[in-house]
Each structure stands twice: as structure tokens, then as C-alpha cells.
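All residue numbers for the sequence shown refer to this note's numbering, where the first residue is 115 and numbers rise by one. Note sheet for the following structure.
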Amino acid sequence: MVEPLLEIRDLRTYFIGKDVEVRAVDGIDLTVYPRQIVCIVGESGSGKSITSLSIMRLLPQPRGKIVSGQITFGGQDLLKLTEDQMTDVRGNEISMIFQEPMTALNPVLTIGDQITEVLLRHRKLNRRQAISKAVEMLQFVGVPRAAEIVHEYPHQLSGGLRQRVMIAMAMVCEPKLLIADEPTTALDVTIQAQVLELMKKMRRDFHTAIILITHDLGVVADMADHVMVMYGGQIVESVNADDLFARPLHPYTKALMESIPSLIEEKDTLYSIPGTVPDAASFPTGCRFAQRCPLAQPSCFETAPELQQMGPGHLVRCDKVGREGEGVPM
Numbered sequence: 115m116v117e118p119l120l121e122i123r124d125l126r127t128y129f130i131g132k133d134v135e136v137r138a139v140d141g142i143d144l145t146v147y148p149r150q151i152v153c154i155v156g157e158s159g160s161g162k163s164i165t166s167l168s169i170m171r172l173l174p175q176p177r178g179k180i181v182s183g184q185i186t187f188g189g190q191d192l193l194k195l196t197e198d199q200m201t202d203v204r205g206n207e208i209s210m211i212f213q214e215p216m217t218a219l220n221p222v223l224t225i226g227d228q229i230t231e232v233l234l235r236h237r238k239l240n241r242r243q244a245i246s247k248a249v250e251m252l253q254f255v256g257v258p259r260a261a262e263i264v265h266e267y268p269h270q271l272s273g274g275l276r277q278r279v280m281i282a283m284a285m286v287c288e289p290k291l292l293i294a295d296e297p298t299t300a301l302d303v304t305i306q307a308q309v310l311e312l313m314k315k316m317r318r319d320f321h322t323a324i325i326l327i328t329h330d331l332g333v334v335a336d337m338a339d340h341v342m343v344m345y346g347g348q349i350v351e352s353v354n355a356d357d358l359f360a361r362p363l364h365p366y367t368k369a370l371m372e373s374i375p376s377l378i379e380e381k382d383t384l385y386s387i388p389g390t391v392p393d394a395a396s397f398p399t400g401c402r403f404a405q406r407c408p409l410a411q412p413s414c415f416e417t418a419p420e421l422q423q424m425g426p427g428h429l430v431r432c433d434k435v436g437r438e439g440e441g442v443p444m
């Protein structure tokens, strides 16, 4: 039986101020196997990016805190590592592609300096060897004029090239796990497709597992092996990708599906979910989706539902969904 590469259990990440406690991630479980692509999907404010920053232990300080849980990677709990030990893991065994390449790249360092920094830290190469490896990786991710671009600065590159540079930086040490936070945001559709194909190539050639954070269900359909749907800092549905699109069960997941434009069915207006994601500083007592849910009953506003198994590997956080995926008659 294949051992998990990453296991997260009951992770709770809060932002704690003088008079407020923001429960950004509130008790999630997540398992990633070698070479698997797991997509985390949900609206802005659902806790997707904070989950990824928690894994990397890169939370904004001093207010961001992991208050409980375990993050086990390769048999060791990342939350028990010292900062020096965690630095050995970041960029080497776990890498991350951040959402905005223009702000994630250092504007005063050349592309080569930024890629070789990872190699000099983790691979103990000399400067000449590191530059050669950087050029090789830029060529691998499809950057033209790689030998010249290593001497250029981020502002000299297009958005698509900057994203490829970010991927090259993340993959240069051939990590076991890649976390990609909205890697196709603000890119045109042609570049989006190229970036996604490049990530598939990474998995194929380097056997890398990927956690892909997105709000785009089209990307999920193209990339995912397994999908975690997040809402209000919690997992509301966890299922393999084929079953998610064939048989979504949670009302929130169904609402996300309804909001996708269709090439077959003509619609005058696109569906939008009424209301907004609840404030993480004051979550309601019951189900966090109840105020926006078409299946909501009075009990939904009083009792918080737990994740229930609705089929093999299919977990849903809703007491009003039957095993056939329909609302339970009241």
C-alpha cells in the first residue's frame, strides 16, 4: 500500500489580535499521495491560501498562529521542526508557486540570482554550476533565451514568462511536493493552458505531487485526481475528481457547478450564489453555509454538521444530503 506523502490532521490556523480571533483554517484534514494532484477549491476567504502557508510555515507574523493540529511530511511533523530545519525543507522537499509572480519575485535581483539562491542553499553547488542548472531548468519550463534571461530582471519579462520563472525556481531542486496557489490567475487563456501542461510535465518527469489551489473549476476538471472543496475555513466536500463532476453532493459544491458557463445550455445570466462567505472572526453557530443554502432548515442554524462518508472516498459536511445526493425530505 502506498504511504501518504503529506498528512494534515485537524489543522487550525488563527489570526489572533487584541480583541479578535479570526479562524481562517478551522479543523481540516488533508492527505496527499506521491504523484497525486489534489485541488483545493472555493471562494476567496474560504481558507485555501492560509492552508498552503500553514504547510510552508510562512504565516504572517506575529498574529498568524497554528493553534493545533499535525502536518506530517515524509514521516516528520513539520510543526515540531525548528526554523533552521524547516528552512532545509522549504524549496528543497516542498516548494511553492505564489499567486502573484510580479510581487513574489525580488525586483532588484536578476532571475539567475533568484534561482541560484535555492541551489546554493540546498545543493551546495558553486556559482558556475548553479547558473548552468538555472539555465537548464528555464529551458525545461519553456523560457526562450534562457542563457540571456538569467541576467535580466523581473520587470523585463511578461507575466507568462515570470510565471514560468516561478515554476523553474520551485522545481529546480526537484521537490517531492509542489504547492501552487492560483498559478494561472491574471494570465490569458493560452498561457494558462501552457502553465497547466507544464505542471503535468513536472509530475511526469520528476514524480512530484501537487497541491493546486484554485477557484476555477475548469482547471480542476483538467488537473485534479482528488478535490477538496473549502468553505468558511472547513472542508465541506472531499472526493475524487470524476465523482465530483458526476455527482456533487454538498449544496455549496452544486452552487459552484451552477455558476460555470455552459457551451451547451444557453443562459441569459450566469448563476451566482446569494450572500457572502461569513466573517472568519464571527462564524455562525450552526452550518457555515446555512444562510446561503437552498436546503437549509432551522436545525442547520443551530448544529454544526460533521463530515460524513457518502460513498467510497466521498466525504460531505451536510446533514441534509442523502446518500443519493438529494436533499433529505423534512
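C-beta atoms are modelled at their ideal positions from N, C-alpha and C, and glycine is treated no differently.
Which residues share a DSSP beta bridge with residue i?
{"i": "H428", "result": "G425"}
{"i": "V309", "result": "BP columns for V309 are empty, so no partner."}
{"i": "D140", "result": "R126"}
{"i": "E135", "result": "I130"}
Within the continuous beta strand (DSSP E) that includes residue i, where are the two ends?
{"i": "H340", "result": "H340 to Y345"}
{"i": "M210", "result": "I208 to I211"}
{"i": "T127", "result": "L120 to I130"}
{"i": "T328", "result": "A323 to T328"}
In angstroms with no decimal places, state the Cα-to-Cα distance between residue i and residue j.
{"i": "M210", "j": "A282", "result": "11 Å"}
{"i": "R237", "j": "Q213", "result": "26 Å"}
{"i": "D140", "j": "T127", "result": "7 Å"}
{"i": "S453", "j": "I180", "result": "An answer regarding residue 453 cannot be provided, because it is not within the stretch 115 to 444 covered by the chain."}
{"i": "A338", "j": "M115", "result": "21 Å"}
{"i": "T201", "j": "C414", "result": "44 Å"}
{"i": "Q228", "j": "I151", "result": "27 Å"}
{"i": "V249", "j": "E296", "result": "25 Å"}
{"i": "R177", "j": "A261", "result": "42 Å"}
{"i": "S163", "j": "D302", "result": "22 Å"}
{"i": "Y147", "j": "M344", "result": "20 Å"}
{"i": "G332", "j": "C153", "result": "11 Å"}
{"i": "F397", "j": "P174", "result": "22 Å"}
{"i": "P221", "j": "I245", "result": "19 Å"}
{"i": "N206", "j": "T230", "result": "13 Å"}
{"i": "L292", "j": "I327", "result": "11 Å"}
{"i": "A360", "j": "G273", "result": "35 Å"}
{"i": "Q253", "j": "K247", "result": "10 Å"}
{"i": "M316", "j": "L233", "result": "18 Å"}
{"i": "L219", "j": "A300", "result": "16 Å"}
{"i": "N240", "j": "T217", "result": "28 Å"}
{"i": "V435", "j": "P426", "result": "16 Å"}
{"i": "K314", "j": "A294", "result": "12 Å"}
{"i": "T224", "j": "H265", "result": "6 Å"}
{"i": "H428", "j": "E380", "result": "31 Å"}
{"i": "V353", "j": "V255", "result": "31 Å"}
{"i": "L195", "j": "T186", "result": "11 Å"}
{"i": "L312", "j": "T399", "result": "43 Å"}
{"i": "E438", "j": "Q411", "result": "For E438, the predicted structure reports a pLDDT of 48, less than 50, and the residue's modelled location is therefore unreliable. A value from the coordinates is still provided. Rounded to whole angstroms, E438 to Q411 spans 19 Å at the Cα level."}
Less than 8 Å between C-beta atoms, sequence neighbours within five positions excluded: which residues of the same chain meet that for residue i?
{"i": "V257", "result": "I263, L275, R278, V279 and A282"}
{"i": "S182", "result": "D124, L125 and R126"}
{"i": "Q348", "result": "D140, G141, I142, G161, R402 and R431"}
{"i": "E288", "result": "F320 and T322"}
{"i": "G389", "result": "Q405 and R406"}
{"i": "Q184", "result": "E121, I122, R123, D124, L125, D191 and L193"}
{"i": "R468", "result": "Nothing in the structure corresponds to residue 468, since the chain is present only between 115 and 444."}
{"i": "Y385", "result": "A369, E372 and S373"}
{"i": "Y267", "result": "P221, V222, L223, T224 and I225"}
{"i": "V286", "result": "I229, V232, L233, K247, A248 and M251"}
{"i": "V309", "result": "G274, Q277, R278, I281, P297, T298 and L301"}
{"i": "D336", "result": "L310"}
Along the chain, where does the alpha helix (DSSP H) containing residue i start, and where does it finish?
{"i": "L233", "result": "I225 to H236"}
{"i": "T201", "result": "E197 to V203"}
Near residue i, which residues of its chain fall below 7 Å by C-beta distance, leaving aside the five closest residues on each side in sequence?
{"i": "E157", "result": "H329 and V391"}
{"i": "P365", "result": "F403, C407, P408, L409 and C432"}
{"i": "I130", "result": "R177 and K179"}
{"i": "L172", "result": "none"}
{"i": "P118", "result": "T145, V146 and Y147"}
{"i": "A138", "result": "T127, Y128, F129, G161, I164, G347 and A394"}
{"i": "G226", "result": "I245, A248, V264 and H265"}
{"i": "S166", "result": "M210, I293, D295, I325 and I327"}
{"i": "P443", "result": "Because P443 sits at a pLDDT of 40, beneath the cut-off of 50, its placement in the model cannot be relied upon, and the following sentence gives the value as read from the coordinates. Taken in chain order, the list of residues that qualify is empty."}
{"i": "V334", "result": "C153, V155, T328, V341 and A355"}
{"i": "A284", "result": "S209, M210, I211 and L292"}
Grab me the residues of residue i's own chain with a C-beta within less than 6 Å of its C-beta, minus the 5 sequence neighbours each way, in chain order.
{"i": "L358", "result": "V341"}
{"i": "R431", "result": "V350, P419 and L421"}
{"i": "M371", "result": "P362"}
{"i": "Q306", "result": "T298"}
{"i": "K368", "result": "P362"}
{"i": "V134", "result": "A395"}
With hydrogens ignored, establish whether the beta-carbon of residue i is closer than 6 Å to any heavy atom of the ligand NAD.
{"i": "A300", "result": "Looking at this structure, you won't find the ligand NAD or any other ligand, since it has none at all."}
Q | Complete runs of the beta strand (DSSP E) confined to the region 333–418 [at least 3 residues] | A | 340–345 and 348–354
**Q.** Length at least 3, wholly inside the region 143–193: the beta strand (DSSP E) runs in chain order
**A.** 151–155 and 178–187
Q: Only counting runs of 3 or more residues, tell me where the beta strand (DSSP E) segments fall wholly within the region 234–302, in order along the chain.
A: 291–295
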